[in-house]
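The structure appears right after this line, and notes come after that.
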Ligand SMILES: Cc1ncc(C[n+]2csc(CCOP(=O)(O)OP(=O)(O)O)c2C)c(N)n1
Ligand SMILES: [Mg+2]
């Protein structure tokens with residue numbers, strides 16, 4: 029049925045690039061078609077005898093395929109004119125439009141960059157939308173692009189529930205699974221979903237990407253969930269074109285790897301042929317929706333026109349192979365179906381083809397004339413929204429008295445009526461308070477439930493709020509953070525716990541590439557608010573070695589838009605947690621809350637038994653202003669110590685020694701907020717004091733201390749006598765040697781002495 033461009037290439041095709049060859053192929057195929065058409069089917073009749081697809085469905089799907097194809101061709105033409113800035117296309121994958129047709133526009137979708145056919149088809153689900161213009165604006169990086177506002181060429185749409193996805197392959201699978209689990213979880217905590225209760229989540233990706241650890245982790249977690257008879261209605265769509273850039277997927281590997289996985293229900297469909305593929309896609313979609321089980325749809329596709337416009341396949345791929353791939357072009361098959369069924373004549377088909385080309389080119393020209401992002405303020409507008417008044421109001425709004433009394437087990441047990449306590453207890457109480465305040469709050473992670481976490485910080489929370497709101501996950505940080513995004517996508521407030529800072533690094537991309545980037549790449553239309561609690565930093569006496577004492581904040585600090593808070597004492601911890609929750613709820617922010625493990629149980633400050641590090645629980649209508657430091661001895665001006673975390677009690681002790689030795693009055697500033705750094709406050713304190721010590725328990729290179737010193741220098745205060753007491757650039761050894769690489773009190777005292 030297919031015509032193949034014969035090899036070697038005929039003279040008339042010489043000099044054409046592969047996109048042009050595919051374009052010519054289509055037209056020649058139609059012109060050369062010599063079959064006899066059937067009687068034209070009516071709208072509701074099968075397009076081909078025995079097909080599950082009717083004529084109307086075929087016509088619309090074919091049109092979606094043509095939209096996708098001509099957007100690709102347009103991008104190739106206009107890229108060289110600098111009117112389009114992205115050429116990774118969907119050609120050969122257009123059959124994924126079937127998945128869109130068979131799902132709903134309220135089924136949240138996380139798409140592969142080749143899911144252009146899907147996108148065009150999903151646009152049909154709502155009236156008055158134009159896939160061609162919207163896509164053209166995205167290709168042109170126009171500020172008017174409705175998906176990302178010109179920040180990236182993404183498949184994304186707020187009304188169509190397509191959450192924008194950039195191109196770190198496989199990174200979207202954990203959050204797609206998380207969203208599916210969240211859809212089911214919502215009902216169990218009485219949370220009103222923004223989508224219908226029987227929604228499923230669609231998640232597409234390539235064959236090569238299916239091997240990625242982040243993909244495998246999502247498949248595993250999906251199966252782990254289904255194995256326990258818990259619902260996880262996610263439709264994984266593997267768009268298998270047999271290749272990843274230039275590396276072939278071994279023949280049959282996808283089926284071999286996925287057809288027999290327990291608790292991942294496998295379906296295969298021919299994405300190259302609408303007439304036969306449709307029924308199989310339908311079976312997969314219906315199975316997923318009905319059974320609520322993770323479903324794997326293996327969709328056969330091909331990749332024509334190379335990986336991207338810059339990929340000159342002709343230079344590395346045998347011509348015969350290229351021709352064979354191009355001959356399997358699904359648009360040729362659709363053209364054959366259209367002609368054989370009598371739905372279109374050769375002329376009307378060619379006219380439709382040219383009309384779509386003209387429509388895409390015209391849209392691109394319009395898009396090119398629309399404004400682009402022209403200032404940094406434009407670029408970062410949606411990155412880190414902050415509404416100070418609303419955040420403050422939300423943070424200081426207490427839970428209802430009844431909810432609090434129920435949460436704490438009686439009026440007498442309310443934490444503000446209790447004696448002063450240490451950090452771990454106050455975090456625990458603050459979490460109880462927040463769970464009383466936010467019925468949509470969920471806390472999850474490794475060992476957080478009955479055990480209450482390694483350090484008992486979440487102890488009693490499950491008992492108070494139930495296993496539906498406080499629960500253990502499987503042992504996988506990538507999935508924990510994927511779940512957090514999923515719950516957030518469905519309007520819940522996620523408090524994921526990462527057991528140790530070292531294990532955040534293991535899953536960093538879920539925050540760096542995904543969660544923290546969502547508001548940016550969706551132009552503020554989507555948000556995944558969360559407060560990620562991480563047991564952090566060093567100084568645990570007699571315990572740990574590196575992975576329990578990791579002091580690298582650096583990997584978090586350069587994530588745009590992220591908020592990092594690090595309290596050093598119990599009252600601050602409670603007040604800060606309220607503000608972080610408010611930042612998440614009001615402004616959709618992604619927040620990291622670093623809990624200094626070594627201070628969890630610390631009770632004394634200067635002398636054993638002095639109780640100097642115990643604090644009262646702040647009343648529930650108090651919170652901490654975002655960015656505000658705590659200042660000890662604010663009138664002192666001989667020396668200021670700028671620090672955070674474990675550095676705070678150390679510096680307070682060292683300050684006494686320095687005062688005794690030199691008669692100086694020492695101010696200690698606990699910055700508390702590490703991202704963004706409050707540069708104005710840093711400068712103010714330095715300006716008011718004669719000398720400066722920066723105490724940073726993190727590492728010398730790229731740590732918080734560098735940021736503090738830079739802020740001082742940039743404020744024109746670089747001439748102040750300054751010392752930095754900072755961790756070494758090393759991993760942390762076991763036992764007492766751990767303390768050799770991190771600041772200690774005598775280091776601070778020595779730094780003071782050196783400033784005389
Ligand atoms: C984590 C990550 N590693 C590498 C890349 C670079 N890269 C982009 S696409 C791609 C190949 C993907 O192949 P496949 O999943 O089969 O999708 P296809 O392009 O064939 O549709 C690679 C290696 C990336 N985007 N993300
Ligand atoms: Mg591939």
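In the working numbering, the protein residues as written are 29 to 784. A virtual CB, placed ideally from N, CA and C, is assigned to each residue, including glycine.
query                                                                                                                                     : result
Within 6 angstroms of ligand 2: residues by beta-carbon to any heavy atom                                                                 : 234, 235, 236, 269, 271 and 272
Minimum length 4: unbroken alpha helix (DSSP H) runs contained in the segment 448-522                                                     : 451-465, 489-493 and 505-517
Cβ contact (3+ pairs, closer than 8 angstroms) linking the segment 292-304 and the segment 66-80                                          : yes
Neighbourhood of residue 187 by C-beta distance below 8 angstroms, restricted to the same chain and skipping five residues each side      : 133, 154 and 157
Buried versus exposed call for residue 319 [16 or more other C-beta atoms within 10 Å across all chains shown]                            : exposed
For residue 615 and residue 557, the rounded distance between their alpha carbons                                                         : 8 angstroms
Buried/exposed call for residue 747, threshold 16 Cβ in 10 Å                                                                              : exposed
Nonlocal neighbours in the same chain, by C-beta distance under 6 angstroms from residue 543, ignoring five residues either side          : 513, 556 and 618
Integer-rounded CB distance, given that residue 142 should sit under 8 angstroms from residue 176                                         : With a Cβ gap of about 18 angstroms, residue 176 and residue 142 do not count as contacting.
Sequence-distant residues of the same chain with beta carbon closer than 6 angstroms to residue 535, five excluded per side               : 505, 506 and 509
Between the CA atoms of residue 576 and residue 528 - distance to the nearest angstrom                                                    : 6 angstroms
For residue 266: DSSP bridge partner residues                                                                                             : 233 and 326
Beta-carbon contacts of residue 782 that lie in its chain and below 7 angstroms, excluding the five residues immediately before and after : 751
Unbroken stretches of the beta strand (DSSP E), 3 residues or longer, contained in the segment 276-312                                    : 293-298
Residue 578 (DSSP reduced to helix, strand or coil)                                                                                       : coil
Closest by C-alpha distance to residue 102, when choosing among 627, 394 and 138                                                          : 394
Beta-carbon proximity of residue 377 to residue 160, cut-off 7 angstroms                                                                  : no
Pair within 7 angstroms by beta-carbon distance, residue 728 and residue 754                                                              : yes
Where residue 554 falls: helix, strand or coil (DSSP)                                                                                     : coil
Any 3 or more C-beta pairs closer than 8 angstroms across the segment 455-465 and the segment 476-490                                     : yes
Which of helix, strand or coil DSSP assigns to residue 50                                                                                 : helix
For residue 276, the nearest candidate out of 625, 349 and 472 (CA to CA)                                                                 : 349
Residue environment, residue 178, which counts as buried when at least 16 other CB atoms sit within 10 Å                                  : buried
Under the three-state DSSP convention, the category residue 726 falls into                                                                : strand
Heavy atom of ligand 1 within 6 angstroms of residue 338 beta-carbon                                                                      : no
Candidates 709, 766, 679 and 730: closest to residue 723 by CA position                                                                   : 679
Enclosing alpha helix (DSSP H) for residue 362 [first to last residue]                                                                    : 358-368
Closer than 6 angstroms: residue 539 CB and nearest ligand 1 heavy atom                                                                   : no
Residue 220 versus residue 613: straight-line alpha-carbon distance, rounded                                                              : 16 angstroms
Boundaries (first-last residue) of the beta strand (DSSP E) holding residue 93                                                            : Residue 93 -> not in any beta strand (DSSP E); alpha helix (DSSP H) instead, spanning 83-107.
Proximity of residue 400 and residue 169 at Cβ, strictly below 7 angstroms                                                                : yes
Ligand 1 heavy atom lying under 6 angstroms from the CB of residue 197                                                                    : yes
Between the CA atoms of residue 390 and residue 100 - distance to the nearest angstrom                                                    : 14 angstroms
Residue nearest to residue 626 in terms of C-alpha spacing, selected from 226, 183, 257 and 677                                           : 677
Nearest residue (CA-CA) to residue 717, options 694, 200, 704 and 701                                                                     : 694
Residue burial classification, residue 714 (beta-carbon count within 10 angstroms, cutoff 16)                                             : buried
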